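Peer 1: Below is a structure I'd like to ask you about.
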Amino acid sequence: MIFILNMILFLLGLFIIVRESNLIKKVIGLNIFQSSVFIFYLIASKVEGGVPPILNDYQLVYSNPLPHVLILTAIVVSIATTSLALALVIKIKQKYNSIEENELDKI
């Protein structure tokens, strides 16, 4: 069930990126798309019955913390990408007085 919901989120982000002509909406679609990839990666790395890797004699199944660390790094990169994209949208608005892709194609 969670895979289906995540795939819907993935397709929603992709649809927004492809369909919208407003650059800010495209950035929002990119964020939705990236978030769905993060969620998918965390779902795929889940270990049933796994516990944090704290050494004790009672647990035999541990969850690997590496996927979580990689996703934290990817979130930081996503924030930087979003910041850069929004800064570029601001510059485009200042220079061309529009953030609609259709109007920018005419220029």
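Its first residue numbered 19, the sequence shown is counted upward by one per residue in my numbering.
All residues carry an ideal CB built from backbone N, CA and C; glycine is no exception.
Treat the numbers as computed from the prediction; the structure is a model and nothing was measured.
With 16 as the cutoff for other CB atoms within 10 Å, does Ile-34 come out buried or exposed?
Peer 2: By one-based count along the sequence shown, residue 34 stands at place 16. By the neighbour-count rule (16 or more Cβ atoms within 10 Å), Ile-34 is buried.
Peer 1: Comparing the CB of Thr-91 with every heavy atom of the ligand PLP, is any distance shorter than 7 Å?
Peer 2: Ligands in the displayed structure: none, and consequently the ligand PLP is not present.
Peer 1: Between the Cα of Asn-120 and those of Gly-31, Val-36, Pro-83, Thr-91, spot the shortest distance and give me the residue it belongs to.
Peer 2: Residue mapping note: residue 120 aligns to position 102 of the sequence shown, counting from 1. Comparing Cα-Cα distances from Asn-120 to each of Gly-31, Val-36, Pro-83, Thr-91, the minimum goes to Val-36.
Peer 1: Hey, Pro-83 and Pro-71 are a contact pair by Cβ (cut 8 Å); roughly how many whole angstroms apart?
Peer 2: Looking up residue 83 in the sequence shown gives position 65. Looking up residue 71 in the sequence shown gives position 53. So it is a contact: roughly 6 Å between Cβ atoms.
Peer 1: Counting Cβ pairs, one atom from each stretch, are 3 or more of them under 8 Å apart for the stretch 104-114 and the stretch 56-75?
Peer 2: Flag = no, the stretch 104-114 and the stretch 56-75 do not touch.
Peer 1: Flag this pair as yes or no: are the beta carbons of Ile-50 and Gly-31 separated by less than 8 Å?
Peer 2: Translated into positions along the sequence shown, residue 50 becomes position 32. Translated into positions along the sequence shown, residue 31 becomes position 13. The answer is yes: Cβ separation under 8 Å.
Peer 1: Give me, in chain order, the residues of the same chain whose beta-carbon lies closer than 6 Å to that of Lys-44; leave out the 5 immediate sequence neighbours on both sides.
Peer 2: Counting from 1 along the sequence shown, the entry for residue 44 is found at position 26. The residues are Ile-35, Glu-38.
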